[in-house]
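Enquirer: In the numbering used here, the protein residues as written are 27 to 445.
Got a structure for you, written out below as structure tokens; questions coming shortly.
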Ligand code: AMP
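Written out as structure tokens, the structure is:
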């Protein structure tokens, strides 16, 4: 075996790509229907965008970023997520000057140095959608509604929407202190990482998978008991709007999300078909992110969907591969040129046509048409061609009919395009 791909970095092969295109196409349709516009942002950013935006004391910034010094001496990082970059672009290009409310989405690869396993890779793809410039809780519900609508449109079932409120700058510090005091009593139960997290960012302990840490936090105080009046009202309104849209949800007071910038509403959609890495998507409100990256006081809310996990959940009975519409079998020397000419015309008409390049026997060409799962085969036999005829075979029901060679493109376009 020669050179292989890096661990945690995957190829997406042609047999799989139909699923990706279907998901991306559906996302565009749904999001644009909700008034979102696509933005394309760089994969590489200055490291400080992420360290300030995501937070120094998060797993991503502490240990998962692909950071390097470039030839100019600057510290650059392959983006581990897209929200901070989208916020930077919104500020840098003053998109707020046109309209303070921006609804944006993007697709693309993210990079995190995590331990590769099923559903967890080092390069993985996300679909991101963000609304900048609205603090109103109605938009929280609207974003969640769009997300659920999209997931249903691609055919996902058996999903659970979990929500929580993480409080704001006023009430979250009180919760942190309460949690810290509670866990300090149990610090002997905590793993080495969580001993450190207890000092730097005790909320992160909720995400630790170590059994003794899970036991230590089992009866920990809930963030909901610490919310200030405004955060309480905000969360109530989100819940009311979700109910108005007939969306079922589960309150999960232990969901804290991995990034520091979240405030108030946080949400995840989990699938019990995914095993241990069960979150398909996560998101929330981040009213401090813009200030952290040196910008204005602008609220934001959004989500990121993990493409690999979403794709692994697509309905198994749905067909995503585009098979040839037509295979032209032209076994004779004299008919080969005609096959080439016809195939080129049909390509221009958007009809997926294949033909044999090697001049093989009719039997072998028919075998190939079968293997490629072509819907029709056009047989250009030398004898028939002399009579100005060709045979069209429907591969599904095996029926055959003779067609005149004149204006074959028009006839095939009508016949095959219509099916
Ligand atoms: P996050 O940006 O951490 O909130 O993650 C949002 C979504 O991205 C998750 O719900 C996963 O579906 C997906 N995701 C996050 N990290 C990875 C990873 N390392 N590999 C594959 N998917 C991931």
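For every residue, glycine included, the Cβ atom is placed at its ideal position computed from N, Cα and C.
My output table needs one value for residue 120: the three-state DSSP class, helix, strand or coil.
Expert: Against the chain shown, residue 120 aligns to sequence position 94. Coil at residue 120, not helix or strand.
Enquirer: Is residue 76 near ligand 1, with its Cβ less than 8 angstroms from a heavy atom?
Expert: Within the chain shown, the letter at position 50 stands for residue 76. Not so, every heavy atom of ligand 1 lies at least 8 angstroms from the Cβ.
Enquirer: Quick check on the DSSP output: the beta strand (DSSP E) that includes residue 355 runs from which residue to which?
Expert: For the purposes of this step, residue 355 is taken as residue 329 along the chain shown, with counting starting at 1. 352–355 is the span of the beta strand (DSSP E), which, as asked, contains residue 355.
Enquirer: Would residue 192 and residue 280 qualify as a contact pair, given that the criterion is a beta-carbon distance under 9 angstroms?
Expert: For the purposes of this step, residue 192 is identified with residue 166 of the chain shown, where counting begins at 1. For the purposes of this step, residue 280 is identified with residue 254 of the chain shown, where counting begins at 1. Their beta carbons are not under 9 angstroms apart, which means residue 192 does not touch residue 280 by this criterion.
Enquirer: Find out if the Cβ-Cβ distance for the pair residue 354, residue 381 is shorter than 9 angstroms.
Expert: Locating residue 354 in the chain shown gives position 328, counting from the first residue. Locating residue 381 in the chain shown gives position 355, counting from the first residue. Against a cut-off of 9 angstroms, the Cβ pair of residue 381 and residue 354 comes out as a contact.
Enquirer: Is DSSP giving residue 313 helix, strand or coil here?
Expert: For the purposes of this step, residue 313 is taken as the residue at position 287 of the chain shown. DSSP places residue 313 in coil when its eight states are reduced to three.
Enquirer: At a cut of 8 angstroms, does the segment 54–64 reach the segment 106–118 through at least three beta carbon pairs?
Expert: At 8 angstroms Cβ cutoff, the stretches do not touch.
Enquirer: Specify, as a first and last residue, the run of the beta strand (DSSP E) that residue 265 falls within.
Expert: To locate residue 265, count along the chain shown from 1; it is residue 239. No beta strand (DSSP E) holds residue 265; the alpha helix (DSSP H) holding it covers 255–270.
Enquirer: I think residue 161 touches residue 313, with their Cβ atoms under 8 angstroms apart; what is that distance to the nearest whole Å?
Expert: Counting from one through the chain shown, the residue named residue 161 turns up at place 135. Counting from one through the chain shown, the residue named residue 313 turns up at place 287. At roughly 6 angstroms, the Cβ-Cβ gap stays under 8 angstroms, so residue 161 and residue 313 are in contact.
Enquirer: Nearest to residue 414 by alpha carbon, out of 321, 434, 88, 215?
Expert: Taking the first residue of the chain shown as 1, we reach residue 414 at position 388. Closest by alpha carbon: 434.
Enquirer: What do you reckon, is the C-beta of residue 71 under 8 angstroms from a heavy atom of ligand 1?
Expert: Here residue 71 refers to the residue found at position 45 when the chain shown is read from its first residue. The answer is no for residue 71.
Enquirer: Please specify which runs of the beta strand (DSSP E), each continuous and at least 3 residues long, are wholly inside the segment 77–121, giving them in chain order.
Expert: Entirely contained in the segment 77–121, the beta strand (DSSP E) runs reaching 3 residues are, in chain order, 92–95, 101–104.
Enquirer: If you check the beta carbons only, do residue 173 and residue 309 fall under 9 angstroms apart?
Expert: By 1-based counting over the chain shown, the position of residue 173 is 147. By 1-based counting over the chain shown, the position of residue 309 is 283. Going by C-beta atoms, residue 173 is nearer than 9 angstroms to residue 309.
Enquirer: From the DSSP output, in three-state form, read off residue 57 for me.
Expert: The sequence position of residue 57 within the chain shown is 31, counting from 1. In this structure, residue 57 counts as helix in the three-state DSSP scheme.
Enquirer: Residues in the same chain with beta-carbon distance under 8 angstroms from residue 276, minus the five sequence neighbours each way, listed in chain order, please.
Expert: Working through the chain shown from its first residue, we reach residue 276 at position 250. Excluding positions up to five away in sequence, the list reads 186, 187, 188, 189.
Enquirer: Going along the chain, which residues of its own chain have a beta-carbon closer than 6 angstroms to the beta-carbon of residue 261, five neighbours each way excluded?
Expert: For this step, residue 261 is matched to residue 235 along the chain shown. 191.
Enquirer: Going along the chain, which residues of its own chain have a beta-carbon closer than 6 angstroms to the beta-carbon of residue 282, five neighbours each way excluded?
Expert: Here residue 282 refers to the residue found at position 256 when the chain shown is read from its first residue. For residue 282, where only same-chain residues beyond five positions count, the Cβ hits under 6 angstroms are 229, 232.
Enquirer: For ligand 1, is there any heavy atom lying closer than 8 angstroms to the beta carbon of residue 283?
Expert: Translated into positions along the chain shown, residue 283 becomes position 257. True, at least one ligand heavy atom lies under 8 angstroms from that Cβ.
Enquirer: Do residue 44 and residue 335 come within 9 angstroms of each other at the CB atom, strictly closer than that value?
Expert: By one-based count along the chain shown, residue 335 stands at place 309. By one-based count along the chain shown, residue 44 stands at place 18. Going by C-beta atoms, residue 335 is not nearer than 9 angstroms to residue 44.
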